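S.K.: Protein chains in written order, with my numbering: chain R, 1 to 435; chain A, 1001 to 1435. No residue lacks a Cβ here, since even glycine has one placed at the ideal position from N, Cα and C. Quantities reported herein were computed from a predicted structural model and do not represent experimental measurements. Got a structure for you, written out below as structure tokens; questions coming shortly.
Number of protein chains: 2
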Amino acid sequence: MKPVKIGICGLGTVGSGTVNVLHRNSRVINARAGCDIVIGQVACRRDDVDCDISGLNVTRDIFEVATNPDIDILIELIGGIDVARELILKAIEHGKHVVTANKALIAEHGNEIFAAANEKGVTVAFEAAVAGGIPIIKAIREGLSANKIEWLAGIINGTGNFILTEMRDKGRGFSEVLEEAQELGYAEADPTFDVEGIDAAHKLVILASIAFGIPLQFDKVFTEGISRIAPQDVQYAQELGYRIKHLGIAQKGPKGIELRVHPTLIPQKRLIANVDGVMNAVLVKGDAVGPTLYYGAGAGAEPTASAVLADIVDVARTLTADPEHRVPYLGFQQEQLRSELEIVPIEEVETAYYLRMSALDKPGVLSQVAQILSDSGISIEALIQKEAADEEEIVPLILLTNRAVEKQLVEAIIKIESLSSITGPITRIRVEPLK
Amino acid sequence: MKPVKIGICGLGTVGSGTVNVLHRNSRVINARAGCDIVIGQVACRRDDVDCDISGLNVTRDIFEVATNPDIDILIELIGGIDVARELILKAIEHGKHVVTANKALIAEHGNEIFAAANEKGVTVAFEAAVAGGIPIIKAIREGLSANKIEWLAGIINGTGNFILTEMRDKGRGFSEVLEEAQELGYAEADPTFDVEGIDAAHKLVILASIAFGIPLQFDKVFTEGISRIAPQDVQYAQELGYRIKHLGIAQKGPKGIELRVHPTLIPQKRLIANVDGVMNAVLVKGDAVGPTLYYGAGAGAEPTASAVLADIVDVARTLTADPEHRVPYLGFQQEQLRSELEIVPIEEVETAYYLRMSALDKPGVLSQVAQILSDSGISIEALIQKEAADEEEIVPLILLTNRAVEKQLVEAIIKIESLSSITGPITRIRVEPLK
């Protein structure tokens, strides 16, 4: 299939991230899409951009992209409302598909934009508008398409979640933590949009429309911010077994649909209560699937670019009904599967280890064990050595090692097991940091 | 668009669940799909099925479905390998698209099946094969399509996770907990498949192929079960700040791809370390998006049916390139958006409440407060009453109420605030159980 040409409007944080990720990962992206995704034009008003635009067709006029007959998909990353709305409507008018990360625009003018797009038979995709890199729109819209959605609840503003997490972890007050967040670049100079829940309301109204099949109704969202949460409330909530999170909640009930953003006590043991810092998560309850949760980075250049580019691949797929252009069985086009990549034998795999052994309760055992590990280049990261129970001569010895290649560790274990001061086999379990 | 006709082979747990969910939710499913999804035929060998098949075209011969010219999509839910493989290849040969929940079949014969399907230009979808209702295949394959996947780690066997969770929570041994799991129906009479990691290996190999774009290589997965985990290992892991989970890990490194299923110590503070009981979760690290996590039910009739039906909707979309047949902007077809659904005013919303007030430190205050709440039909679920500090006459009083309608609570709060024994305004924060 011929290349799909995109026109990127706006090279701020997200725009630059999109160019960077597309350049870096073009091989895998094209192998998944089944066609080449090519930047046909970029439009930006600034010279200092955080990406390489050499060799690209650059214009200062974003509207040029909307009317450029070469462009298949316009990528709106300028932000704001009025100009972005005009730009997108112009692109639609010219038969272009649109990808946008603009939550405010979709929440406030989505109905108009979708009506225009529907009329023209073009796609408007906006995965990046909600929860950054988490494919939450795709999950609800496609992954849970068999479900009546009963409710959803999301931590969909990273700034607010960072502030509440810091208040809890450090016992500090709202204003103090807000200042810190501003210094770290997690909060704007005017934080109203984030801390009063307006940003979360934009995202909530989009999720709710997709969940329940209703038009976007931003003006009907109830919004309450976190600025009045006192440190003692955070503390008392903990004592009661809860955590305070700033949630966007959409729920269908007998009276209709509830749309509300407010601080909420939720039981500590819920997974979503443990989503901390600037991370986002959305909990969705479907009648068939039950509760499902989606977690990841809710903002940032590359996480947002990840969503923008996934939308571009999706839109590219809609351009034909060619079988080669569907989502491939294994994500990559059949002829692009890489059978030359080796699967590593377990002996060559490197992980940290938990080791538990039974040792005679006499001096020098630990140093013998440590010596054998050290000779194999393995060091001890943590240790539990229990006192012998009365009369008992055998004590458990528990070690966490640093990362080591399996076969070296196995050799060391055989030597340790042969020590006269060690009885019985050694239990070993791999350790992964998962970060 | 004309109806899409599906033929369901197998009416066991998942097959019956699929029929039930499709019957119950046909309105939302069709409104999302943009066409009617119709059961053209069902094939099963048993009479006692857990769904209503009255009025349906029922056959005892599954192969009849594979050759029935009326059927667009064959749904393979018979399980097992040899007959299922033959059935799917026959359906493909007859130009039918296929949806399956069969992880063993895809893991062991997916390469052959996909090659045949590719040849014929038909789709094979298998979201239900991994992690039940969690749309994890869609997430990696489409949601993260812009990323180089660095690694993924999943709790992808509910039986094993239930056993490890019980061992931790109750300090019991593997065999004892396994028996309990068998009584509860969470483990098979022969539990080998689950506890030795074979089931997880099937799922892992599918996820890894999608993540890295490699052919399915089930025979190269390293597999280690959980039967040798001792209660003291669970205990020592906790002391070291870790939890033991049975993970499937796929990781791309300089030596190649690691594919391994084994018990693993992971830091307690990771979200995935807190996924308990029979629930599943997959943590995926992409180079652009960073870590993302997907959580939900990994098995069961309706969660699995949710994934099967989502695949059916997806496949139905591939049948034409009509704009009306794409994924709709808001998930539901434009003309199906329900503008008549009311958004509930916040005054009518019912939630539980956290209330914090400052009370004079004298007898009878609590009973006055409780009386006012009780008069409004609100009861107290939990209470913190702090001692007055020396010399201080004001004490904090913290209450958790049961669920109450906002306007009733607000009225009660006004009355409480007017009490002479209560000073200053009352802080209130909503409480949600999120279950």
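Would you mind telling me which residues of chain R sit closer than 9 Å to A:Arg1338, beta carbon to beta carbon, in chain order?
M.R.: Per Cβ cutoff of 9 Å: Phe212, Gly213, Ile214 and Pro215.
S.K.: Spell out whether any CB of chain A is found under 9 Å from the CB atom of R:Ile140.
M.R.: Yes, R:Ile140 counts as interfacial toward chain A.
S.K.: Listed in chain order, which residues of the region 325 to 351 of chain R have Cβ atoms closer than 7 Å to some Cβ of chain A?
M.R.: Here the close residues are Arg326, Val327, Tyr329, Leu330, Gly331, Phe332, Gln334, Gln336, Leu337, Arg338, Ser339, Leu341, Glu342, Ile343, Val344, Ile346, Glu348 and Val349.
S.K.: Quick check on this structure: which residue in R:Ala310, R:Ile210 and R:Lys120 has the alpha carbon closest to the alpha carbon of A:Arg1338?
M.R.: When only C-alpha atoms are compared, the closest one is R:Ile210.
S.K.: Using a Cβ distance threshold of 8 Å, determine whether the region 114 to 134 of chain R contacts the region 165 to 185 of chain R, with at least three qualifying pairs required.
M.R.: At 8 Å Cβ cutoff, the stretches do not touch.
S.K.: Taking the C-alpha atoms as reference points, what is the distance between A:Gly1158 and A:Tyr1295?
M.R.: Distance between the alpha carbons of A:Gly1158 and A:Tyr1295: 12 Å.
S.K.: Taking CB distances under 9 Å as the criterion, tell me whether A:Tyr1242 reaches chain R.
M.R.: Interface residue, yes.
S.K.: Could you name each continuous alpha helix (DSSP H) segment of 4 residues or more that falls completely within the region 1225 to 1288 of chain A, going from the start of the chain to the end?
M.R.: Taking only runs of at least 4 residues, the alpha helix (DSSP H) segments lying wholly in the region 1225 to 1288 of chain A are 1231 to 1239.
S.K.: Would you mind giving the Cβ-Cβ distance between R:Thr18 and R:Ala43, rounded to the nearest angstrom? I have them listed as a contact below 8 Å.
M.R.: Not confirmed; about 13 Å, so no contact.
S.K.: A:Arg1356 touches chain R at which residues, Cβ-Cβ below 9 Å?
M.R.: Result: Ala230, Gln232, Asp233 and Tyr236.
S.K.: Which first and last residues belong to the beta strand (DSSP E) in which A:His1094 is found?
M.R.: First-last for A:His1094: undefined, no H or E at that position.
S.K.: Which chain R residues are close to A:Pro1003, counting only those with a beta carbon under 8 Å from its beta carbon?
M.R.: The premise fails here: A:Pro1003 is roughly 17 Å from chain R at the closest Cβ pair, so nothing lies under 8 Å.
S.K.: Along the chain, which unbroken stretches of the alpha helix (DSSP H) at least 4 residues long are found entirely within the region 1020 to 1047 of chain A?
M.R.: Runs found: 1026 to 1033.
S.K.: Comparing alpha-carbon positions, which option in R:Ala301, R:Leu400, R:His325 and R:Gln385 lies nearest R:Ile394?
M.R.: Minimum Cα distance to R:Ile394 is reached at R:Gln385.
S.K.: With 9 Å set as the bound, which would you pick, yes or no: does the beta-carbon of R:Leu271 sit closer than that to a beta-carbon of chain A?
M.R.: It does: the Cβ of R:Leu271 has a partner Cβ on chain A nearer than 9 Å.
S.K.: Can you name the start and end residues of the alpha helix (DSSP H) that A:Glu1166 belongs to?
M.R.: Element bounds for A:Glu1166: Gly1158 to Lys1170.
S.K.: Run through chain A and tell me which residues come within less than 7 Å of R:Ser306, C-beta to C-beta.
M.R.: Near R:Ser306 (Cβ distances below 7 Å), the residues of chain A are Leu1144, Ala1146, Asn1147, Gly1286, Ala1288 and Val1289.
S.K.: Please decide whether R:Leu360 counts as near chain A, where near means a Cβ-Cβ distance under 9 Å.
M.R.: Cβ-Cβ to chain A under 9 Å: no for R:Leu360.
S.K.: When the distance is taken between beta carbons, is R:Asn111 closer than 9 Å to R:Leu259?
M.R.: Taking 9 Å as the Cβ cut-off, R:Leu259 and R:Asn111 do not qualify as a contacting pair.
S.K.: Buried or exposed for R:Glu76, please, with buried defined as at least 16 other CB atoms from any protein chain shown within 10 angstroms of its CB.
M.R.: Answer is buried; the Cβ neighbour count reaches 16.
S.K.: Measuring only the C-alpha atoms, how far is R:Glu342 from R:Arg172?
M.R.: Taking the straight line from one Cα to the other gives about 51 Å.
S.K.: Taking buried to mean at least 16 other C-beta atoms within 10 Å of its own C-beta, is R:Pro263 buried or exposed?
M.R.: R:Pro263 should be labelled buried.
S.K.: Chain R partners of A:Phe1114, CB-CB under 8 Å?
M.R.: Within chain R, the residues near A:Phe1114 are Tyr329, Leu330 and Gln334.
S.K.: Any beta carbon of chain R sitting closer than 9 Å to that of A:Lys1220?
M.R.: It does; some Cβ of chain R falls within 9 Å.
S.K.: With distance defined between alpha-carbon atoms, name the residue in A:Ile1380, A:Lys1435, A:Val1369 and A:Glu1239 nearest to A:Ser1420.
M.R.: For A:Ser1420, the nearest C-alpha among the options comes from A:Val1369.
S.K.: Do you know how far the Cα of R:Val49 is from the Cα of R:Lys220?
M.R.: Distance between the alpha carbons of R:Lys220 and R:Val49 is about 38 Å.
S.K.: Enumerate in chain order the residues of its own chain whose CB-to-CB distance from R:Arg45 is below 8 Å, with the five nearest sequence positions on each side excluded.
M.R.: Around R:Arg45: Arg60.
S.K.: Quick one: does the C-beta of R:Arg338 sit closer than 8 Å to a heavy atom of the ligand FAD?
M.R.: Ligands are entirely absent from the displayed structure, and the ligand FAD is therefore not among its contents.
S.K.: Using the beta-carbon count (16 or more within 10 Å), is A:Arg1428 buried or exposed?
M.R.: Buried.
S.K.: Against chain R, which members of the region 1245 to 1263 of chain A pass a CB distance test of less than 9 Å?
M.R.: Listed by position along the chain: Leu1247, Ile1249, Gln1251, Lys1252, Gly1253, Lys1255, Gly1256, Ile1257, Glu1258, Leu1259, Arg1260, His1262 and Pro1263.
S.K.: Should A:Lys1435 go down as buried or exposed, given a rule of 16 or more other Cβ atoms within 10 Å for buried?
M.R.: With fewer than 16 other Cβ atoms within 10 Å, it is exposed.
S.K.: Does chain A have any CB closer than 9 Å to the CB of R:Ala388?
M.R.: Answer no: the Cβ-Cβ gap between R:Ala388 and chain A never drops below 9 Å.
S.K.: Considering only residues of the same chain and omitting the five flanking positions on each side of R:Ile413, which have a CB-CB separation below 8 Å?
M.R.: So the list reads Leu355, Ile426 and Arg428, once near-sequence residues are dropped.
S.K.: Let me check understanding here. Comparing Cα to Cα, which of A:Thr1067, A:Ala1101 and A:Leu1105 lies closest to A:Val1083?
M.R.: Among A:Thr1067, A:Ala1101 and A:Leu1105, the Cα nearest to that of A:Val1083 is on A:Leu1105.
S.K.: Using beta carbons (cut-off 9 Å, strictly below), is R:Ile422 in contact with chain A?
M.R.: It does not; no Cβ of chain A falls within 9 Å.
S.K.: Given that a residue counts as buried once 16 or more other Cβ atoms are within 10 Å of its Cβ, and exposed if not, what is R:Gly95?
M.R.: Its Cβ having fewer than 16 others within 10 Å, R:Gly95 is exposed.
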